Structure formats: C-alpha cells, structure tokens
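Scroll down for the structure; my scribbles are underneath it.
There are 2 protein chains.
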Amino acid sequence: MVSSSTATEIERILAGDNRAVARAISKVEDHTPDAAALMQGIFPQTGRGMVIGITGSPGAGKSSLVDRLAGLYRQRGDRVGIVAVDPSSPFTGGAILGDRIRMQTLGLDPGVFIRSMATRGQLGGLAHATVDAVAVLDAAGYGKIIVETVGVGQDEVEIVKTADVSVVVLVPGMGDDIQAIKAGIMEIGDVFVINKADRDGVLRTEKELETLLSLAHRDDMWQPPIVKTVATESKGIAELADAIAGYYEFQKGAEPGRARRNAIARWRIIELLRERLLAHALEADGMSQRIDALAAEVADKRRDPYSAVDEILKAVGGNSFQF
Amino acid sequence: MVSSSTATEIERILAGDNRAVARAISKVEDHTPDAAALMQGIFPQTGRGMVIGITGSPGAGKSSLVDRLAGLYRQRGDRVGIVAVDPSSPFTGGAILGDRIRMQTLGLDPGVFIRSMATRGQLGGLAHATVDAVAVLDAAGYGKIIVETVGVGQDEVEIVKTADVSVVVLVPGMGDDIQAIKAGIMEIGDVFVINKADRDGVLRTEKELETLLSLAHRDDMWQPPIVKTVATESKGIAELADAIAGYYEFQKGAEPGRARRNAIARWRIIELLRERLLAHALEADGMSQRIDALAAEVADKRRDPYSAVDEILKAVGGNSFQF
Numbered sequence: 005m006v007s008s009s010t011a012t013e014i015e016r017i018l019a020g021d022n023r024a025v026a027r028a029i030s031k032v033e034d035h036t037p038d039a040a041a042l043m044q045g046i047f048p049q050t051g052r053g054m055v056i057g058i059t060g061s062p063g064a065g066k067s068s069l070v071d072r073l074a075g076l077y078r079q080r081g082d083r084v085g086i087v088a089v090d091p092s093s094p095f096t097g098g099a100i101l102g103d104r105i106r107m108q109t110l111g112l113d114p115g116v117f118i119r120s121m122a123t124r125g126q127l128g129g130l131a132h133a134t135v136d137a138v139a140v141l142d143a144a145g146y147g148k149i150i151v152e153t154v155g156v157g158q159d160e161v162e163i164v165k166t167a168d169v170s171v172v173v174l175v176p177g178m179g180d181d182i183q184a185i186k187a188g189i190m191e192i193g194d195v196f197v198i199n200k201a202d203r204d205g206v207l208r209t210e211k212e213l214e215t216l217l218s219l220a221h222r223d224d225m226w227q228p229p230i231v232k233t234v235a236t237e238s239k240g241i242a243e244l245a246d247a248i249a250g251y252y253e254f255q256k257g258a259e260p261g262r263a264r265r266n267a268i269a270r271w272r273i274i275e276l277l278r279e280r281l282l283a284h285a286l287e288a289d290g291m292s293q294r295i296d297a298l299a300a301e302v303a304d305k306r307r308d309p310y311s312a313v314d315e316i317l318k319a320v321g322g323n324s325f326q327f
Numbered sequence: 005m006v007s008s009s010t011a012t013e014i015e016r017i018l019a020g021d022n023r024a025v026a027r028a029i030s031k032v033e034d035h036t037p038d039a040a041a042l043m044q045g046i047f048p049q050t051g052r053g054m055v056i057g058i059t060g061s062p063g064a065g066k067s068s069l070v071d072r073l074a075g076l077y078r079q080r081g082d083r084v085g086i087v088a089v090d091p092s093s094p095f096t097g098g099a100i101l102g103d104r105i106r107m108q109t110l111g112l113d114p115g116v117f118i119r120s121m122a123t124r125g126q127l128g129g130l131a132h133a134t135v136d137a138v139a140v141l142d143a144a145g146y147g148k149i150i151v152e153t154v155g156v157g158q159d160e161v162e163i164v165k166t167a168d169v170s171v172v173v174l175v176p177g178m179g180d181d182i183q184a185i186k187a188g189i190m191e192i193g194d195v196f197v198i199n200k201a202d203r204d205g206v207l208r209t210e211k212e213l214e215t216l217l218s219l220a221h222r223d224d225m226w227q228p229p230i231v232k233t234v235a236t237e238s239k240g241i242a243e244l245a246d247a248i249a250g251y252y253e254f255q256k257g258a259e260p261g262r263a264r265r266n267a268i269a270r271w272r273i274i275e276l277l278r279e280r281l282l283a284h285a286l287e288a289d290g291m292s293q294r295i296d297a298l299a300a301e302v303a304d305k306r307r308d309p310y311s312a313v314d315e316i317l318k319a320v321g322g323n324s325f326q327f
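Top to bottom, those sequences are chains A and B. Start counting the first sequence at 5; every next residue gets the next number (the numbering used here). Start counting the second sequence at 5; every next residue gets the next number (the numbering used here).
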C-alpha cells in the first residue's frame, strides 16, 4: 500500500531530516492523498518526545515565553519543535506574521523547528492537522515539542488537551473576565504562569488564581503550581521548566494517565472521521455547484438551511456512500 | 410533516414568548429531533433584527460593554437579545458563571433575553447552534441581537462573521501579540473599540490600530471607525451605537452585501452538513463501542488513527449510508 517514495519520506523523517518534516506537515495541512500513509508509517515511532501545550490570551506574552523556554531547552541539549496555532484569518486563510519575527531569534538554530498552523478552507481540520504535526516532530526525534495556541477557542482548548503538560499563561489585572477564563481554561492547566510579573496587580491575580484552583477538583489530585515569570527578561524560565518536568513525571506514573490517553485517542478518531465524512460528501460530482445554488436560495430566504442539508444528504446517500 | 405541538411552539416564538424562545434554543443545542422542523418554521420570519457580533480577548471588558450597549438600546425602546458564546469547559461541558452575574443588572428586564452557549459533547456544533439561537431571537422580534464571543478561536471568528455588524474590542497595551490580533480578527472588524480608554497607552494602541487598518484592504471600501470607551463608566457607548448603526446602513446598500450573505449561507450549510454526517455515522449500531475499542488500540500505539478511521468508514459505508 505504501509507495516507495512515501517509504523514503518516512525514513527521512525518522532520521530527523527537517526538510522532510516540513514537507510532511504541509501534506497533513493540505490533505494530500499520501498524508494518511505517511502518518501511518511514522505513528509507531511517536510518544518519545515531551509535548507541552501553552495557551492564554493575546497580550499574555506567550510568544516571548515560548521563545525563552525553547532557548533553555536548547542550552540543555534538546532539539525543540514549536507549533504555533494561529487564529485563522477568515478572508486570507491565515496570513501569519509570527514566523518571520521569530526567525530572528531562534530560526538560525538548526536544532529548533518552528511552524505556524492556520485553518485552510472549508474542511477545517486545524486541530487534527496540529496534532499530526506534533506527531511528525515527535517521530523526527524532537525531545521537546511546544504547541502554542492563541486564544481560548473550542478547537484551541482541544489541541492543548492533547499535550502531555498543559500550561496556561495569565497576566496581572485580567479582573473582568476571570469568569470566562475559569470556565474555559482553568481546568486544563497543569501548570499556571503569571507572566509580566513585574506589573502592578500580580499579587491580586495570584490570590484569585489560588482561590479558583482551590475550588477546582482534579481526578488525579495534582495541585497545579503557579510560576511567576517576566519572559522578556528571561526571569522565571528555569522555574517554569522545573514545574513542567514535575507534572510530566507525575502523570507518567498516575492511574488517570491511561483514561486520558484513551480520551485523546477517541477525540483524534472523531476529529478525523468528521473531516473525512465531509470531504467525501463534498467531492461528489457537481456537489460544489449544488451547494452554491442551495446557499443562494438560503441567502434569499427561499429555503431554510435544514432542508438544504436534507437535499444534500439525500444526494450523498443516493450516490452510494462507499469508502 | 410539522406536528401540531411544533406548530404551536413556532406560533409562540413568533409572538415573542420568551419561554418558547428559551425552549427552542435548548432544542437546537441538544439536537432534539424536532429542532429542524422548528427552525424551518421560523426561518422565513428572520432577517428583521440587527445582529451585532462583539469579540475580543478575555480581559478586554466585553461583558461590561455589551451590558451597557444593551442598556442603551433598551432606553431607545428596542428589545435586546444577548447570546454569549463561552469557551467550552472541556471536562464539565461548560459551566458558565456569566449568566448569574449578568442577571443582577439586566436580567430583571423582560425586554432583555440573555443566553450563554457552550459546546456540549462530541458532536460540536457550537457555531451552528449559536447562529440558530440568533435566528430564534430574530423571529421572536428582538430588534437588536448581540452575539458576544470570548477569544479569537476558529469557531468564534466564524460566528462573528455571520453578524450584520462585527465589533472588535481591544484594550490599551496589548503590544506583544498585536500580530496575532492582526492575523485573526482585524479583517472581521467593521467597528473597532478601544475599551478601558482611561488607561495608559491608549494613544499608542490607537496609532498601531490606525496603521494596521490603513494597510488592510476591504472589498467594500468601508473605513472601520475606532471608538474609545470606558464601559464601566458608560463612556463612549452612544458613540459606539452610532458607529454600529453607521455600518449597518452602509452595508445594506452595498454591493458586496449579497456576496457576503451567500458566503454565510454556504458556511451554515457546510456546518450543519458536517454535524449531520458525523451524527449519522455515530448512531450506527454498536458504533460507540467500536470507536472505544479502536481508541484503546490507538492509545496503546497498536494502531494509528488513520487506519482506525478507515475501519469506521468501511463499517458506515457497508451499513448503507442512507438518509
């Protein structure tokens, strides 16, 4: 089933060839026909690197924090992969500036691989493509893989959940929306960072966070540590690395680890299934024009979206929905 | 096709009965069997209210801003619907505190309807449920419908795009991640707000924003205004309402309006199709156990996610994928 060119690509990835890694990630993003065979080939070689998810609001200074943490891991001899999940740009499909800015500090180091991911087109699949990109880096022997997500959106939360260690970054003085943070990301943080800790209000934010954490219940009984950092001055980075390593060791032995791995595997399967089902429906002959025509009817309120979808489903079912 | 109880519910919604509105939104969220018939019944009566999308990071003070704007619209005699899209809580399925807090200020007014939406379960469909909730409020005669999203995630951006007018809220001093903001939400803002405009750095943020806006290209040639507010002191709220009304009038006559409506209709159809396809696949006999078993194999690395999904697709196809 696996073509010889795909087999060669797999070998190159496993040997740590960065150009092969970059090509593989592009294939996953673009849904190319050979992406599945590639991923199947490397999958058994994954699970050795430590995957660190870092999330928080825009303005929390995540990029600086990730850069400094990556720098520290490099000093300690690890190869570091960084996957930045950027909010999609709805009109351009995601014009990303982060890469170019970063290349100035870390990009010249061949032991660091940086990639931005953004949604492309209607198939979605950002979450699934990101998790696959992490798997490629893992198989290529990157010891530390940092997944950085901007924002607290639905997909972004899911992505961070698949990391071995999830880090939530806050800044002093977020007052108003602390409820939103609680509902969204408090529960996924294994480690909390208060960045920009030289600012006013750091003590109050720390107290609020401690209160929220004391109310939260974790099945694994882990007490998430709070680390204060000033990333732009490299302060607190070693303490952050220690806190991350602490949870990584803890969860390896913990019983809930297995349940979590199963839940992540189930989520990956569902995500991939969702994407494949839609792709199959959309690639039917004449489907794109049919949907355009139905969309025009819906826009004019001559038809409602539900009956439009019923039409499409009937057409898909009639064309024998075989895989 | 429409049962008499559904017909009665539709009548109640169209008559502006808030309890019927609340029930209908719950049905859309819970994917009940009669949700489609309900939506089909009210759809022709939608399109009269003004839908305002408000987005920005946690900490930007969106909740206060929305509350004050709603208060202003109430003073002017409009009924106001507020749909708050909260980041999903991955473990509890979205425990939302915002509602209770809000009820203290606006909730006693029967002319204000407030609802929080959060993802439930693996079907996803947050975006689609939110857009349907807006349609229900629209059909029930709410003149202003405000959709508030926290964060800049993929789904959140899509939701805001479906509004008639999209408002992006910033705060002074977001420096670091202004790039992320640019990539994610700059392009969807019809109106920009710098909230907490009594803080240091407001002029710098305004200058940066003006520069970014001057670089952006809009097909409709609209120049998004920048409004400065201090929501907690009700400053700038009338100016914000004017800016929103300005764009609303502008887009009604504009040529790109039709293309945008078509694009939104297409997006709604695709979202609903995605959800229905997955729901159909998952409800096949024994599918849930089958996926659990495959997930355990993937978690143990005895199998890769791609071949697991191939198995599921074969089973779905074999069971005659008919609708």
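Ideal placement from N, C-alpha and C gives every residue a C-beta, glycine not left out. In this text the structure is predicted, and so the values were computed from the model without any measurement.
In the DSSP assignment, no residue is bridged to residue 147(B).
In its chain, beyond the 5 residues on either side, 38, 41, 42, 45 have a beta carbon closer than 8 angstroms to the beta carbon of residue 10(A). As DSSP reads the structure, residue 152(B) sits in a beta bridge with 58(B), 88(B).
No Cβ of chain A is located within less than 8 angstroms of the beta carbon of residue 29(B). The Cβ atoms of residue 85(B) and residue 149(B) sit closer than 8 angstroms to each other. Taking residue 20(A) as the centre and dropping the five residues before and after it, the same chain places the C-beta of 144, 145 closer than 7 angstroms to its C-beta, in chain order. One alpha carbon belongs to residue 35(B), the other to residue 137(B), and they sit about 12 angstroms apart. Around the CB of residue 15(B), fewer than 16 other CB atoms lie within 10 Å, so the residue is classed as exposed. For chain B, none of the residues of the stretch 224-240 of chain A brings a beta carbon within less than 8 angstroms of one of its beta carbons. With a minimum length of 4 residues, the unbroken runs of alpha helix (DSSP H) contained wholly in the stretch 14-81 of chain A fall at 22-34, 39-46, 66-79. Residues of the stretch 268-300 of chain A with a C-beta atom less than 9 angstroms from some C-beta of chain B are 268, 269, 270, 271, 272, 273, 274, 275, 276, 277, 278, 279, 280, 281, 282, 284, 285, 286, 295, 296, 298, 299, 300, listed in chain order. Taking the Cα of residue 203(B) as reference, the smallest distance to any Cα among 23(B), 65(B), 8(B) is reached at 65(B). A distance below 8 angstroms separates the beta carbons of residue 116(B) and residue 78(B). Scanning chain B for C-beta atoms nearer than 8 angstroms to the C-beta of residue 114(A) yields nothing, as the closest lies near 25 angstroms away.
One thing to note: residue 164(A) has its Cβ within 8 angstroms of the Cβ of residue 153(A). DSSP, reduced to helix, strand and coil, places residue 307(A) outside both helices and strands of the structure shown, so it counts as coil. Assignment of residue 302(A) by DSSP, reduced to helix, strand and coil, places it in the helix class. Among the bridge pairs identified by DSSP, residue 165(A) is matched with none. At a cut-off of 8 angstroms, the C-beta of residue 83(B) has no neighbouring C-beta in chain A. With respect to chain B, the C-beta atom of residue 38(A) has no partner C-beta closer than 8 angstroms.
Between residue 308(A) and residue 254(B), the gap from beta carbon to beta carbon reaches 8 angstroms or more. Within the same chain, Cβ atoms closer than 7 angstroms to the Cβ of residue 83(A) are found at 115, 145, 146, 147, the five residues on either side in sequence being excluded.
The continuous beta strand (DSSP E) containing residue 119(A) extends over residues 116-121. Between the alpha carbons of residue 118(B) and residue 74(B) lies a gap of roughly 10 angstroms. At a cut-off of 8 angstroms, the C-beta of residue 151(B) has no neighbouring C-beta in chain A. By the Cβ rule, the stretch 257-277 of chain A counts as touching the stretch 302-320 of chain B, because three or more pairs are nearer than 8 angstroms.
By the CB criterion at 8 angstroms, residue 210(B) and residue 192(B) fall outside the cutoff. Annotation: residue 287(A) to residue 297(B) spans about 30 angstroms, alpha carbon to alpha carbon. For residue 200(B), the three-state secondary structure derived from DSSP is coil. Distance from the CA of residue 206(A) to the CA of residue 219(B), rounded to the nearest whole angstrom, comes to 36 angstroms. Of the candidates 290(B), 282(B), 171(B), 171(B) places its Cα closest to the Cα of residue 230(B). Sequence-distant partners of residue 7(A) (beyond 5 residues in either direction) whose C-beta falls short of 8 angstroms from its own C-beta, in its chain, are 38, 41. The distance from the Cβ of residue 272(A) to that of residue 135(A) is about 6 angstroms, consistent with a contact at the 8 angstroms cut-off. For residue 7(B), the closest Cβ of chain A is not nearer than 8 angstroms. Put simply, the CB of residue 255(B) is far from chain A, with every gap to its CB atoms at 8 angstroms or more. Neighbours of residue 312(B) across chain A, judged by C-beta separation under 7 angstroms: 273.
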